[in-house]
Amino acid sequence: MVRGDGVRGEEQDRPETSALALPERQAVLEHAAGLIAGAWEEFDHAREYQPPVTGRHERLLREPLPAGPSDARAALDAAAEVLDVSLSQVRPRFFAYVASSGLEIGVLADALMASHDVNAAVTAGGADLLEGQVVRWVDAFVGFGGAADGVMAAGGQISNLTALAAARERALPGFRRSGADGRRAALYTSAEAHYSVQRSGEVLGLGADNVRRIALDDDRRMDVEACASAIDADLSTGVVPVAVVATAGTTLTGTVDDLAGLAEVCSARGVWLHVDGAYGLPAASTTAAGWRFAGLDRADSATVDAHKWLYVPKACSVLLMREAGRLEAAFSHQESYMPHPHDEIHPVDRTLEYSRPLRALKLWLAFRVHGADAIRAAIERNLAQAAMLAGLVEAEEGLELLLAPQLSAVCFRVIPPEDADPFAHNAQVVDAVNADGRLLIAGAVLDGVPCLRACVVNHRTTDADVRAIVEVVSEVVAELGDA
Ligand SMILES: Cc1ncc(COP(=O)(O)O)c(C=O)c1O
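Going by my numbering, the sequence shown opens with residue 1137, and the numbers climb by one from there.
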């Protein structure tokens, strides 16, 4: 296209920008900062109820694909409104599941990380060093006692799977290429282990039936003797033990397996010991609970979810590996689109994932900004709050504590009326408490007994928030009784 000189001159003076560059960028950024700051202020305190999704939200969320632009500030406002009527785990009275609590510096880290969107699939300069440093910091924080290697992953499920892929390749060399090739193999984990262990057995081609769920001892830990016997029985029939997966903080009750006992069993038989500490392992850094994790320094690998009890936003899991080279043995490869001109090891040669965000940045900034001591103190506080909750439940008529908490998961039940179905009654209580909206709690089943489960892993949770669990549950139960 030929244009007049004047027009061409103007265009040459103006630097070319993307057609998708944000108009009024600075103003939009300040607007977004205002929304985030507003949310943080709100999260400082519990709110009185969960606002419902209204017709206005539904209309907005049924609008067809927008063909043209709209004002970014108005769009951000609409997004914030939708988020406000979505269940958020970061609020101080969200006690369901094992939640993440959106540490503020982690939120900023995510924005900064996404802005640069580093290529964390391949060697990427400073990012590689930063990820390595975070692995070393987490190693030091939890007392793993020397990780020669480690990677960040998209959650506990992926860290567990990654570790077990490495364990499988050590126990059954060549499995990744030839499959089982007639060999039989098994994993060993507690009856209370997270499903991610079984799922790992499924997707690694070992088979769910070959994930031996070992009975619990009197402290709900994987029975060490039973684990040893199961391994020995398998060995005697030619089944190869791939790994024992100990849990350091079960999802249901926060039980920490006997890591030292299991390390003994594993080292005597040359079996890989993986510790699933997705939820509980940060508590290994504390004075109150650190002793429960004795033996961690003898594990071959360990999972820690920083988006759980290290407070950063989802998802940020850390896999610690005792021995260098094990991840490469399981994952390294040569492809024409992924050259290794300098014999470099790319993250894709050591991880399950290809495209990965630089998840380490939020944990790096969290440790830098707050320091390990403050993070440890927050975990100590959550432990104390869980113990306080257990005491309050015990003192409250109509409630029954099912188990003294080892970490910060508290299982208790509302004693049902004599003629009531305990499952239906428990479900009714959970629904009524959550409909009340002052706090969120999950239903669970412990040894066949339906119960409520509160997990305290939020740095924003105050003692008053914890006391509210007993107050609100008792109030709601009284209302149900009156109805
Ligand atoms: C003990 C344990 N392992 C693994 C997981 C799975 O972690 P993620 O949800 O990050 O994949 C959980 C989740 O709660 C867990 O509690």
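All residues carry an ideal CB built from backbone N, CA and C; glycine is no exception.
Remember, it's a predicted structure, so these values are computed and weren't measured experimentally.
According to DSSP, is residue 1272 part of a helix, a strand, or is it coil? helix
Is residue 1296 near ligand 1 - that is, is its Cβ less than 8 Å away from at least one heavy atom of it? Yes, Cβ of residue 1296 sits closer than 8 Å to a heavy atom of ligand 1.
Are the stretch 1529 to 1544 and the stretch 1382 to 1390 in contact at 8 Å, needing three or more beta carbon pairs? At 8 Å Cβ cutoff, the stretches touch.
Can you find a heavy atom of ligand 1 that lies under 8 Å from the Cβ of residue 1443? Yes, the beta carbon of residue 1443 sits closer than 8 Å to at least one heavy atom of ligand 1.
Could you give the residue range of the beta strand (DSSP E) that holds residue 1437? 1437 to 1441
Rounded separation between residue 1143 and residue 1157 - CA only: Residue placement at residue 1143 is flagged as unreliable, the pLDDT there being 48, under the threshold of 50; the coordinate-derived value follows with that caveat. Spanning the two alpha carbons is a distance of roughly 22 Å.
Using 8 Å as the Cβ pair cut-off and three pairs as the minimum, do the stretch 1472 to 1479 and the stretch 1316 to 1326 touch? no
Counting only C-beta atoms, is residue 1570 closer than 9 Å to chain B at any point? Protein chains in the displayed structure number just one, and chain B is not present.
Where residue 1589 falls, given that 16 or more other Cβ within 10 Å makes a residue buried: buried
Pick out the complete alpha helix (DSSP H) segments inside the stretch 1382 to 1467, 4 residues or longer, and give them in chain order. Here the runs fully enclosed are 1395 to 1405, 1442 to 1445, 1462 to 1467.
Ordered along the chain, which non-local residues of its own chain (more than five positions away) have a Cβ less than 6 Å from that of residue 1558? 1552, 1586
Under the assumption that residue 1592 contacts residue 1231 (Cβ atoms under 8 Å), give the Cβ distance between them as a whole number of angstroms. Sure, about 7 Å apart at Cβ, within 8 Å.
Which one or two residues does DSSP pair with residue 1377 in a beta bridge? 1322
Leaving aside the five residues before and after residue 1258 along the sequence, list all residues of the same chain whose C-beta is less than 6 Å from its C-beta, in chain order. 1482
Express the C-alpha separation of residue 1405 and residue 1570 in angstroms, rounding to a whole number. Using only the alpha carbons, I get a separation of about 48 Å.
Option in 1297, 1616, 1532, 1521 with minimal Cα separation from residue 1229: Answer by Cα proximity: 1521.
Ligand 1 and residue 1453: does any heavy atom of the ligand fall closer than 8 Å to the residue's C-beta? Flag set: Cβ of residue 1453 near ligand 1.
Who are residue 1350's beta bridge partners in DSSP? DSSP lists 1326 as partners of residue 1350.
Is it buried or exposed for residue 1218, if we count other Cβ within 10 angstroms and need 16 for buried? exposed
Could you name the residues that DSSP lists as bridge partners for residue 1549? 1536
Could you check which residue in 1363, 1377, 1370 has the C-alpha nearest to that of residue 1395? 1363
Hey, could you find the ends of the alpha helix (DSSP H) residue 1495 is sitting in? Where residue 1495 is concerned, there is no enclosing alpha helix (DSSP H), given that its DSSP letter is neither H nor E.
Counting C-beta neighbours from all protein chains within 10 Å, is the total for residue 1138 16 or more, i.e. buried, or is it exposed? With a pLDDT of 42 at residue 1138, under the threshold of 50, the modelled position of this residue cannot be trusted; read the value that follows with caution. It is exposed - the Cβ of residue 1138 has fewer than 16 other Cβ atoms within 10 Å.
Any idea if residue 1357 is buried or exposed, counting beta-carbon neighbours within 10 angstroms, 16 or more meaning buried? buried
According to DSSP, simplified to helix, strand and coil, what is residue 1483? DSSP, reduced to helix, strand and coil, places residue 1483 within a helical segment of the structure shown.
Contacts around residue 1499, its chain only, beta-carbon distance under 7 Å, and the 5 residues preceding and following it disregarded: Closer than 7 Å at the Cβ level, and outside the excluded window around residue 1499, lie 1270, 1442, 1446, 1448, 1452.
Can we say the stretch 1191 to 1207 touches the stretch 1260 to 1280, given the rule of at least three CB pairs closer than 8 Å? no
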